[in-house]
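Q:
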Amino acid sequence: MLELTPAGEELLARSREFQQRVFDELVEGWPEGDVREFARLLARFAESVERKL
C-alpha cells in the first residue's frame with residue numbers, strides 16, 4: 000500500500016485547489032444549474048475514461 004508523505008498531501012491539496020479555481024473561472028457567469036450539470040457530466044466522463052484505461 001502506498002501512502003502520501005505530508006509534503007505529498009500538501010502538493011495534492013494545492014493541486015486540487017488550483018483545479019477548482021480554474022474550473023470556477025471557466026464557468027464564471029454560467030447559470031448554477033448548468034454548472035452542476037456540467038460537473039456531473041464531467042465526472043461521469045472521467046469515470047468512463049478511468050474504466051477504459
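For the sequence shown, the residue numbers in numbering that gives the first Met the number 0 are 0 to 52.
Virtual Cβ for every residue (Gly too), placed ideally from N, Cα, C.
1) Mapping DSSP to helix, strand and coil, what is residue 11?
2) Look at the Cβ atom of residue 34, then the Cβ atom of residue 26, and state whether they are nearer than 7 Å.
3) According to DSSP, is residue 36 helix, strand or coil?
4) Can you tell me the Cα-Cα spacing of residue 41 and residue 16, whole angstroms?
A: With the structure as the only source:
1) Taking the sequence shown and counting its residues from 1, the one referred to as residue 11 is at position 12. Helix, per DSSP.
2) The residue labelled residue 34 in the question sits at position 35 within the sequence shown. The residue labelled residue 26 in the question sits at position 27 within the sequence shown. The answer is yes: Cβ separation under 7 Å.
3) For this step, residue 36 is matched to residue 37 along the sequence shown. The answer is helix: DSSP assigns residue 36 an H, G or I state.
4) Against the sequence shown, residue 41 aligns to sequence position 42. Against the sequence shown, residue 16 aligns to sequence position 17. Going by the C-alpha atoms only, they are around 17 Å apart.
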